[in-house]
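Q: Take this structure first; my questions come after.
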Amino acid sequence: MSNEAKSDSLTFNVSLRWDHSTGAEAFTKAGAIRLDMPKDFGGLGRYPCPDEVFLSALGGCMITTFIYFQRRLGAKIDGMEVSVDGEVKLDSGGYRITNIKIKLKVLAESPELEKVTRCAKLAIEYCHLTRSIKPAIAVMTEYEVISPNHS
């Protein structure tokens, strides 16, 4: 299996169906995702709200973009985590996400730190979801690459 991108253009499709309550189920090629309105807005809060799913998508894109470059550069890692925080504010036009902060944390042994750092920088530069929203939302990204022996 090649690590090269297969196409210059990809199309994705998701359909959603209301659950006759305060949520919905999103259907993708790979499976279903349940969503619900937060309790703060009168929902039942049974499942992640769309904002949480959106932030999860950004974090997931950061991880998968990192993995793409990790494979290309042959970097070995011991673990990886991404945290994503988003702020929603009310303005004259309604609610809007005003800023997002993404932190990528990667664990790697000392001999791999240089390659892993390069992968982290490339993931931040090339994650297509963050690149797509930056014209509309302030996105701050940072990374930390540490050795498991680091105290």
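Numbering-wise, our numbering puts 247 at position 93 of the sequence shown, and it's gapless, one number per residue.
The beta-carbon is built from N, C-alpha and C at its ideal position, and this holds for glycine as well.
1) List the DSSP bridge partners of Thr295.
2) For the beta strand (DSSP E) that Lys243 lies in, which residues bound it at each end?
3) For the pair the stretch 236 to 252 and the stretch 170 to 188, tell me if three or more CB-CB distances fall below 8 Å.
4) Give the secondary structure of Arg171 by DSSP, where H, G and I count as helix, E and B as strand, and everything else as coil.
5) How would you write the range of the beta strand (DSSP E) that Asp190 sits in, first residue to last?
6) Would you call Phe220 buried or exposed, if buried means 16 or more other Cβ atoms sit within 10 Å of its Cβ?
7) When the Cα atoms are used, what is the spatial distance from Ala290 to Ser175?
A: A quick look at the data gives this:
1) Bridge partners of Thr295: Ile256.
2) Segment 233 to 245, the beta strand (DSSP E) holding Lys243.
3) With the cut-off at 8 Å, the stretch 236 to 252 and the stretch 170 to 188 do not touch.
4) In the structure shown, Arg171 falls within a strand segment according to DSSP collapsed to helix, strand and coil.
5) For Asp190, the enclosing beta strand (DSSP E) covers residues 186 to 190.
6) The residue in question, Phe220, is buried, as its Cβ has 16 or more Cβ neighbours within 10 Å.
7) Distance from the CA of Ala290 to the CA of Ser175, rounded to the nearest whole angstrom, comes to 31 Å.
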